[in-house]
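Everything on this sheet refers to the single structure shown next.
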Amino acid sequence: MQIILMEKISNLGQLGDVVNVKSGFARNYLIPQGKAKRATEQAIAEFQSRRAELEKKQTEILAAAQIVAAKLDGLLVQITQKAGSDGKLFGSVTNANIAEALTGLGFSVERTMIHMPHGQLKQVGDYPLSISLHGDVKASITVSVLGDSAF
């Protein structure tokens, strides 16, 4: 199915590109989320008339993401979990826990933005993580998992 991209999508294309994708991907994800429209003549004409407006909106989103990334870069987030004497956590620290901690600090971060290369954190310690705020903007934070004695 041919679609017009209404925003930049990683590994797919830029704003305004006409690309060919699988029908299910377009119908179930891209079109309902407003990330794309079917590539009909009417939709292409409508897009051309709104192109400047959409580009301005994308530029504003990118600028906002860069501001948040500047504030987040190098941030140390401390999370306390119950742990045994050997430093092993009872349970684990997930990206949802980290997103909740960042929200508590005043940042609007969703759990899907947090990239945890080694999976859930199961030991006490410091872990460098990256947060993808936008397709082109990433921030690096350090999560410090502190053990709370279970006694």
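Residues 1 to 151 (full-length UniProt numbering) make up the sequence shown, in order. Where a beta carbon is used, it is the ideal one built from N, C-alpha and C, also for glycine.
Residue-level contact to chain D via CB, residue i, 9 Å cutoff
{"i": "threonine 112", "result": "No chain D appears in the structure shown, which is made up of a single protein chain."}
Assigned exposure category for residue i - 16 Cβ within 10 Å defines buried
{"i": "leucine 72", "result": "buried"}
{"i": "isoleucine 3", "result": "buried"}
{"i": "leucine 146", "result": "exposed"}
{"i": "isoleucine 67", "result": "exposed"}
{"i": "alanine 36", "result": "buried"}
{"i": "leucine 105", "result": "exposed"}
{"i": "glycine 26", "result": "Strictly speaking, residue 26 in this sequence is alanine, with glycine absent from that position. Buried, because 16 or more other Cβ atoms sit within 10 Å of the Cβ of alanine 26."}
Heavy atom of the ligand PLP within 8 Å of residue i beta-carbon
{"i": "isoleucine 31", "result": "Absence of the ligand PLP is noted for the structure shown, with no ligands found whatsoever."}
Residue interval of the alpha helix (DSSP H) (run including residue i)
{"i": "phenylalanine 47", "result": "41-72"}
{"i": "glycine 104", "result": "95-104"}
Same chain, Cβ closer than 8 Å to residue i, five either side skipped, listed in chain order
{"i": "glutamate 110", "result": "Ala99"}
Beta strand (DSSP E) segment containing residue i, residue limits
{"i": "isoleucine 4", "result": "2-5"}
Close Cβ partners of residue i (< 7 Å) along its chain, the five nearest in sequence each way excluded
{"i": "leucine 75", "result": "Ile141"}
Beta-carbon contacts of residue i that lie in its chain and below 6 Å, excluding the five residues immediately before and after
{"i": "serine 130", "result": "His115, Lys138 and Ser140"}
- Minimum length 3: unbroken beta strand (DSSP E) runs contained in the UniProt domain "Ribosomal protein L9" (13-40): 18-20 and 36-38
- Message: I'd like the ranges of any alpha helix (DSSP H) spanning at least 4 consecutive residues and lying wholly in the region 80-149.
- Response: 95-104
- Does the region 127-146 come close enough to the region 84-103 that 3 or more CB-CB pairs lie under 8 Å? yes
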